[in-house]
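Position in the sequence shown counted from 1, then plus 114, gives you my numbering. Each residue gets a CB set at the ideal place from its N, CA and C atoms; glycine is no exception.
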Amino acid sequence: MKKILPIIFLIISAAIGVAAGKFLRPEHVPEVAETSEEEGQDDHTQHLNPPNQTPRDPNEVVDYVKLNNQFVVPIVEEERVASLIVLSLSIETPDGRQEEILRKEPKLRDSFLQVLFTHANLGGFDGEFTRADKLNSLRRLLLEVAQRDVGKDAAYDVLILEIARQDY
Numbered sequence: 115m116k117k118i119l120p121i122i123f124l125i126i127s128a129a130i131g132v133a134a135g136k137f138l139r140p141e142h143v144p145e146v147a148e149t150s151e152e153e154g155q156d157d158h159t160q161h162l163n164p165p166n167q168t169p170r171d172p173n174e175v176v177d178y179v180k181l182n183n184q185f186v187v188p189i190v191e192e193e194r195v196a197s198l199i200v201l202s203l204s205i206e207t208p209d210g211r212q213e214e215i216l217r218k219e220p221k222l223r224d225s226f227l228q229v230l231f232t233h234a235n236l237g238g239f240d241g242e243f244t245r246a247d248k249l250n251s252l253r254r255l256l257l258e259v260a261q262r263d264v265g266k267d268a269a270y271d272v273l274i275l276e277i278a279r280q281d282y
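Set out below in structure tokens:
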């Protein structure tokens, strides 16, 4: 029995590791098709700047509403703050909707902080946190909550204006 117990623990540990790896693996980033030079973008630029998720008239006048204060997200490791992430965010909105966005800023800030804390807890700010796939995933999640809070017709995109990490 003493010889079988370590083997059983090894099998159980391996199964747990495989399950955790499957559930926590990073989101797959689809390959971007190459564009012609006539369009003015190469594959690399298109990957860094994914197309807008909200369809809109390309001639529509848009405005950008910068949220007043920065967002500070603590990164906790072993029950202590190991680093801080500081972000400045802006919302792309149709012209004339700026006051509506600013009126709902407290709700937006709360929703954005929930997304940022979850992103941090899942390791989104670990390692190369400025990689395009990680930032695009974060932008998409921020846009979803912004559209939920202010409406799809009021929030076209969420822009990350500044991002910095301070390790302790």
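Where residue i falls, given that 16 or more other Cβ within 10 Å makes a residue buried
i, result
"A128", "exposed"
"V132", "exposed"
"T207", "buried"
"Q261", "buried"
"L227", "exposed"
"R211", "buried"
"V229", "buried"
"V175", "exposed"
"L119", "exposed"
Reference residue i; option with closest CA among the options
i, options, result
"K180", "A196, D271, H233 and V229", "D271"
"S202", "A133, L222, I277 and R211", "I277"
"N173", "F185, S197 and D209", "D209"
"G135", "D263, L236 and E258", "L236"
"L222", "I121, F239, V175 and G265", "G265"
"D224", "R211, V195 and V259", "V259"
"E191", "I126, F239 and P120", "F239"
Beta-carbon proximity check, residue i vs residue j, cutoff 8 Å
i, j, result
"I199", "R253", "no"
"A234", "I205", "no"
"L257", "A246", "no"
"A196", "D281", "yes"
"F231", "V187", "yes"
Assumed close pair residue i, residue j - CB separation to whole angstroms, cut-off 8 Å
i, j, result
"L249", "I215", "With 8 Å as the limit, L249 and I215 do not qualify as a contact, their Cβ atoms being about 22 Å apart."
(Q) So within the stretch 183-229, which uninterrupted alpha helix (DSSP H) runs reach at least 4 residues, ignoring any that extend past its ends? (A) 212-217
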